[in-house]
Amino acid sequence: MGYRDTYDRWKADPEAYWLEQAEAIDWDIAPTRALFDRGDHIYEWFADASVNTCYNAVDRHVEQGNGSRVAIIYDSPITGNKSTLTYSELQAHVASLAGALVAQGVEKGDRVVIYMPMVPEAVEAMLACARIGAIHSVVFGGFASSELAVRIDDCKPKAIIAASCGVEPSRVVDYKPLLDGAIEQATHKPDTCIILQRGQKPCELNPERDIDWYAAQDGVRPAPCVPVEGNHPAYILYTSGTTGAPKGVVRPTAGHLVALNWTMKNIYNVEPGEVFWAASDVGWVVGHSYICYAPLIAGNTTVVFEGKPVGTPDAGTFWRVIEEHGVASFFTAPTAIRAVKREDPDGEEIKKYDLSSLRALYLAGERADPDTVEWAQEKLGKPVYDHWWQTETGYTIVGNPAGLEALPVKVGSPTVPMPGYDVQILDERGDPLPAGELGAIAIKLPLPPGTLPGLWNAEDRFRKSYLTTFPGYYETGDAGRIDEDGYVWIMARTDDVINVAGHRLSTGAMEEVLAGHPDVAECAVVGVSDELKGQMPVGFLCLTKGVDRPHEEIVAECVTRMREQIGPVAAFKKAVVVDRLPKTRSGKILRATMVKIADGEDFKTPATIDDPAILDEIRTTLRGIGYPQG
1 MGYRDTYDRW KADPEAYWLE QAEAIDWDIA PTRALFDRGD HIYEWFADAS
51 VNTCYNAVDR HVEQGNGSRV AIIYDSPITG NKSTLTYSEL QAHVASLAGA
101 LVAQGVEKGD RVVIYMPMVP EAVEAMLACA RIGAIHSVVF GGFASSELAV
151 RIDDCKPKAI IAASCGVEPS RVVDYKPLLD GAIEQATHKP DTCIILQRGQ
201 KPCELNPERD IDWYAAQDGV RPAPCVPVEG NHPAYILYTS GTTGAPKGVV
251 RPTAGHLVAL NWTMKNIYNV EPGEVFWAAS DVGWVVGHSY ICYAPLIAGN
301 TTVVFEGKPV GTPDAGTFWR VIEEHGVASF FTAPTAIRAV KREDPDGEEI
351 KKYDLSSLRA LYLAGERADP DTVEWAQEKL GKPVYDHWWQ TETGYTIVGN
401 PAGLEALPVK VGSPTVPMPG YDVQILDERG DPLPAGELGA IAIKLPLPPG
451 TLPGLWNAED RFRKSYLTTF PGYYETGDAG RIDEDGYVWI MARTDDVINV
501 AGHRLSTGAM EEVLAGHPDV AECAVVGVSD ELKGQMPVGF LCLTKGVDRP
551 HEEIVAECVT RMREQIGPVA AFKKAVVVDR LPKTRSGKIL RATMVKIADG
601 EDFKTPATID DPAILDEIRT TLRGIGYPQG
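Residue numbers (full-length UniProt numbering): 1 to 630.
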């Protein structure tokens with residue numbers, strides 16, 4: 001069946017469709033029905049089932065005779081270490097660590113915080129929690145003590161699993177002092193901390209609370225898989241909220257298994273045994289879904305990569321990994337490809353490697369601008385698929401289902417909604433807009449299996465954040481349009497649609513124009529307050545490596561391009577050249593923070609920022625062009 005037939009079949013009978021997909025999962029007690037309506041727009045999937053995630057991701061492959069298949073490839077250009085783990089070896093490691101957790105008093109339903117770098121042990125820790133029904137909450141390794149403390153107090157972990165340090169291209173980050181500081185600040189105190197000592201920077205252990213990773217496992221009984229209810233939380237993942245306080249997104253066990261398994265063949269077009277690589281971090285949702293869980297559930301080999309797209313050692317590191325490990329499907333963020341493009345605009349590094357194993361490049365995490373997509377298409381000679389999803393959903397909302405049917409790519413659009421997602425464009429009153437009109441992107445309830453049923457201990461906040469603005473819909477917070485072919489176009493966060501003298505304009509469309517300038521490697525447009533027009537767009541330009549022209553000329557050309565392609569209505573008059581843009585560690589540009597700096601408002605430095613020092617650079621740059629006004 002092609003895409004349209006599959007989507008229509010889901011829409012005609014969602015219950016039957018998802019029960020059919022559930023047959024690919026090994027259940028302790030199979031579900032008798034798919035959807036459970038709890039009332040008042042709250043839904044659960046496969047709630048009457050009983051299942052274990054770790055069994056489906058690890059043990060069943062061993063039992064089916066695939067124990068010798070490689071489960072995890074570890075590749076660390078930063079440390080120079082490489083290794084592999086078979087499914088049989090992974091099973092032994094995970095059962096042993098799970099036994100250590102049990103020996104420390106961790107039981108089904110207890111929370112465990114994981115604070116780890118990109119090493120195989122991070123994946124083992126996640127699976128060990130899933131094995132015994134503990135609920136893990138992974139916090140990005142190196143997060144500030146104050147932010148880690150907030151998460152500790154919110155989920156109240158029985159134990160914390162951490163490493164002594166993380167290794168960056170230019171430094172070693174001591175995790176243990178950050179962890180100790182967080183526990184000191186937190187009201188809640190964990191009973192135990194299991195610490196993986198890394199050779200780059202071992203740490204001192206607190207004998208009253210800390211236990212070495214290997215010592216914790218010494219002499220313990222390997223733990224068996226503990227079946228849990230279908231609606232049992234698999235994990236809590238904190239995402240930044242608009243208030244600055246983190247939101248604990250809850251992932252339900254059964255729906256998570258069914259949905260992620262469906263995506264590996266239908267979206268990413270990989271078969272069991274093939275190598276899938278998501279170049280992300282376990283601290284992000286991409287790392288949860290597509291480094292740890294989905295590839296292993298589907299019987300693939302997953303790559304744990306401890307490196308950066310450039311500088312470890314060069315802009316060819318992605319292509320080296322793909323050649324060396326035979327990667328079939330590669331998933332990364334647009335910002336990573338932009339970094340590679342900026343360093344290697346002519347694609348000379350790509351030519352050094354044999355990429356014949358690679359079938360496609362998948363981009364997500366932020367909007368993939370057409371210039372980046374076209375560059376990658378041309379230099380790689382492979383399909384490039386943008387796809388759109390969120391921490392809250394855990395997998396693709398809108399994408400190109402290449403394993404089901406590779407649809408024609410419209411550069412700038414992530415393509416079409418996946419089964420389970422009834423995507424609509426609404427006006428401010430919540431009424432559907434006709435094809436082609438810009439509005440708020442919302443998804444008709446219920447959301448499909450695997451998506452968030454709520455926030456951890458915050459039902460009121462869940463409703464206010466997602467369900468209140470458009471009753472009967474999930475509010476995505478993104479703005480865009482749907483064209484006459486049903487393709488969805490994500491143009492900006494709702495907050496990034498700016499109002500210039502009464503005209504609603506997409507900053508994403510403006511960024512497309514700027515990115516099309518041959519000297520511009522990366523850019524951002526934000527709307528800043530203006531006494532006359534309400535808001536005015538300001539552009540920030542990062543230039544391609546090697547460009548040696550007066551910045552004034554480039555800025556003038558960008559202003560002209562904007563006038564020609566968007567029109568005078570955009571009132572685009574100001575742009576500045578900067579060395580870099582403020583971003584989160586996952587590559588999202590911090591536009592809202594830039595706006596607050598421009599408007600002279602107080603702001604909280606986002607916990608996820610890659611380098612806080614860049615905010616001072618942005619402030620100085622904005623002052624140079626007269627912001628904040630007055």
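Positions of the beta carbon are idealized from the N, C-alpha and C atoms, including for glycine.
For residue i: DSSP bridge partner residues
i: T6; result: Note: T6 sits in no beta bridge, so no partner.
i: E229; result: S50
i: K247; result: T239
i: K82; result: D75
i: S329; result: F276, A360
i: Q104; result: Beta-bridge pairing links Q104 to no other residue.
i: V520; result: L543
i: V398; result: W388, P417
i: T335; result: Answer is none; T335 lacks a bridge partner.
i: R504; result: N499
i: A442; result: Q424, E475
i: V525; result: G539
i: S137; result: V113
i: D530; result: G534
i: Y305; result: Going by the sequence as given, residue 305 is Phe instead of Tyr. Answer is D75, bridged to F305.
Residue closest to residue i, alpha-carbon to alpha-carbon, out of the options
i: V327; options: A571, K382, R359; result: R359
i: V303; options: L178, W277, C542; result: W277
i: G477; options: D180, T494, R461, F470; result: T494
i: D212; options: L257, L101, A144; result: L101
i: V526; options: C155, E511, G412, V113; result: E511
i: P414; options: D346, S88, A294, W489; result: W489
i: D599; options: T396, E374, V528, K444; result: V528
i: A333; options: N300, Y385, H325, S356; result: Y385
i: I78; options: Y238, V310, L127, A613; result: V310
i: G255; options: V513, F36, D579; result: F36
i: G181; options: N266, P207, S146, C155; result: S146
i: residue 631; options: V167, I160, D191; result: Beyond the ends of the chain as shown, which are 1 and 630, falls residue 631; an answer cannot be given.
i: I397; options: V250, K176, I267, G99; result: I267
i: P449; options: A259, T608, R461; result: A259
i: T84; options: G2, T301, F46; result: T301
i: T468; options: I443, D485, A501, A163; result: I443
i: V281; options: I114, R463, L532, G273; result: A small correction: the amino acid at residue 281 is Asp; Val does not occupy that position in the sequence shown. Among I114, R463, L532, G273, the Cα nearest to that of D281 belongs to I114.
i: R561; options: L514, M594, V138; result: L514
Whole-angstrom C-beta distance between residue j and residue i, which should lie under 8 Å
i: H232; j: T253; result: 5 Å
i: P157; j: V112; result: 5 Å
i: T507; j: A492; result: 5 Å
i: A364; j: W389; result: 6 Å
i: S76; j: E306; result: 4 Å
Where residue i falls: helix, strand or coil (DSSP)
i: M118; result: coil
i: C203; result: coil
i: V270; result: coil
i: P190; result: coil
i: D75; result: strand
i: K410; result: coil
i: E44; result: strand
i: V123; result: helix
i: R111; result: strand
i: L475; result: The sequence as given places Glu at residue 475; Leu does not occur at that position. Of the three classes helix, strand and coil, the one that applies to E475 here is strand, per DSSP.
i: F36; result: strand
i: T261; result: Per the sequence shown, residue 261 should be read as Asn rather than Thr. In the structure shown, N261 sits in a helix (DSSP, three-state: H, G or I).
i: M491; result: strand
i: N499; result: strand
i: R481; result: strand
i: P537; result: strand
i: F462; result: helix
i: A128; result: helix
i: T372; result: helix
i: T608; result: coil
i: L447; result: coil
i: I297; result: helix
How do the segment 286-297 and the segment 422-434 stand: do at least 3 beta-carbon pairs fall below 8 Å, yes or no? no
Does the pairing of the segment 95-102 with the segment 168-177 give three or more beta-carbon distances under 8 Å? no
Pairing CB atoms from the segment 52-59 with CB atoms from the segment 23-35, are three or more of them under 8 Å? yes
Tell me whether the segment 59-73 and the segment 104-111 touch, counting them as touching only if at least three CB pairs, one residue from each stretch, are closer than 8 Å. no
May I ask you to verify whether the segment 563-577 touches the segment 530-538, counting CB pairs closer than 8 Å and requiring at least 3? yes
Pairing CB atoms from the segment 212-224 with CB atoms from the segment 110-120, are three or more of them under 8 Å? no
Could you check whether the segment 361-379 touches the segment 332-352, counting it as contact only if at least three pairs of C-beta atoms, one from each stretch, sit closer than 8 Å? yes
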